[in-house]
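Student: Residue numbers (mature numbering (1 follows the signal peptide of the UniProt record, and there is no 0)): -21 to -1, 1 to 360. Here's a structure for you.
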Amino acid sequence: MAFKVLHLSIFILFLAKLSLSYEPRNHEVDALISIREALHDPHGVLNNWDEDSVDPCSWAMITCSAENLVIGLGAPSQSLSGILSGTIGNLTNLRQVLLQNNNISGQIPPELGTLSELQTLDLSNNRFSGVVPEFLGQLNSLQYLRLNNNSLSGPFPVSLAKIPHLAFLDLSYNNLSGPVPKFPARTFNVAGNPLICGSRGTEGCSGSAIAGPLPFYLNSSSGKHKSKKLAIALGLSLSLVSLFLLALGFLWLRQKQKGKVILNISDKQEEGLISLGNLRNFTFRELQIATDNFCSKNILGAGGFGNVYKGKLGDGTVMAVKRLKDMTGTAGESQFRTELEMISLAVHRNLLRLIGYCATSNERLLVYPYMSNGSVASRLR
């Protein structure tokens, strides 16, 4: 009898230990592991995604909220290929997906349409094919959508015009066709789609006229009347550019006489950058002087994208200068443009607005107001 009681006690202790050691699987971990398995990762940037982990917040390319929920997936310019798994729809708290400048192919998964919290989706410069899914029109929180430079085809997705808070849309350089509806987006781009209504070879296509409060870009047919207007506009533009270059040359000659350059770094502003709102375009020399040549004693913080320095302009204005690293080349310029556009469009009662930027042939910098008490992250909690 005593032996049976002992045997039963040991069995109960074993079951108790087993139940205590069991930890339920995190559904976000499962979803991310499925995403990783569907991708080819030549640089191993996703190697620390551990399927036995219960907390993905320490993983590379993942951003979490204060409640340890996955809200961001960002792996731009990492040479990823393969397909984007539909299990991304299980990351129900996602607010940001940044997978631009990779080689991901296949169709855009319909499960993305279930992410009700999604605010930013950038799949540009990949190899996605098929139609632009109508389900993207269900993303009522979406503010920034970039699908340009893929191989998407089919009719222009009318559902996108129904997204209430969409501020930026880029579908350029695909193979879309048909009419383009009116958009609430403040900036949108459909250039490089030869079958869009208004392009050459699409006469007789009927649809809504295109309108928007800010500039948008569309390949349009050019008749004689339009050619004349274009010639006049081009002539005026060339005259203005000539005057601007003369003024710039005069200012450069004056500046050249004021003293020597602190570092032998080109201060020529990068051409082709987007001008947004009232952002100030700083010169690199201005920011060098303001930060005491980016002295280490002025470093406010450091991260994966570069250091942040405290700086002071000649008029006494104190600011924070984010000096981005590894931002040269085509991929770097695209990343810089994306960040500049997104930050300029961001609206939050506690979020500091971007006040300026600097872009030279080998430097990318962002300028914010200096905040002496705490970080931006602490203000957003």
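All C-beta atoms in this analysis are idealised placements derived from N, C-alpha and C, irrespective of residue type, glycine included.
Going by beta-carbon coordinates alone, are Q75 and P55 separated by less than 8 angstroms?
Tutor: no
Student: Please classify G23: does DSSP put it in a helix, a strand, or coil?
Tutor: coil
Student: Return the first residue and the last residue of the beta strand (DSSP E) that F167 is part of.
Tutor: T166 to N168
Student: For I12, which residues from the same chain have a beta carbon less than 7 angstroms from its beta carbon, with the 5 sequence-adjacent residues on both sides left out?
Tutor: W28 and E30
Student: Tell me whether S199 sits in a helix, a strand or coil according to DSSP, three-state version.
Tutor: Residue placement at S199 is poorly supported in this model, since its pLDDT is 35, which falls under 50; the coordinates still yield a value, given next. Shown here, S199 sits in coil according to DSSP, grouped into three states, outside any helix or strand.
Student: For P143, count neighbouring Cβ atoms within 10 angstroms of its own Cβ and tell me buried if that reaches 16, exposed if not.
Tutor: exposed
Student: Can you tell me whether I12 sits near the ligand ZN, meaning its C-beta is under 7 angstroms from at least one heavy atom of the ligand?
Tutor: Of the ligands one can find in the structure shown there are none, so the ligand ZN has no counterpart to examine.
Student: What do you get for P348, buried or exposed, if any count of 16 or more other CB atoms within 10 angstroms of its CB means buried?
Tutor: exposed
Student: Just verifying my parser: in three-state terms, what is the DSSP assignment at T270?
Tutor: The answer is coil: DSSP assigns T270 none of H, G, I, E or B.
Student: For T93, name the three-state secondary structure that DSSP assigns.
Tutor: T93 carries a helical assignment under DSSP once its states are collapsed to helix, strand and coil.
Student: Among residues of its own chain, excluding the 5 on either side of I67, which ones have a beta-carbon nearer than 7 angstroms to its beta-carbon?
Tutor: Answer for I67: A10, I14, P88, E90 and L91, listed in chain order.
Student: For V8, count neighbouring Cβ atoms within 10 angstroms of its own Cβ and tell me buried if that reaches 16, exposed if not.
Tutor: buried
Student: Mind checking who M40 pairs with in its DSSP beta bridge?
Tutor: According to DSSP, M40 bridges with nothing at all.
Student: Is it right to say F223 is buried, meaning 16 or more other beta carbons lie within 10 angstroms of its own, or is it exposed?
Tutor: exposed
Student: Quick check on the DSSP output: the beta strand (DSSP E) that includes A281 runs from which residue to which?
Tutor: I278 to G282
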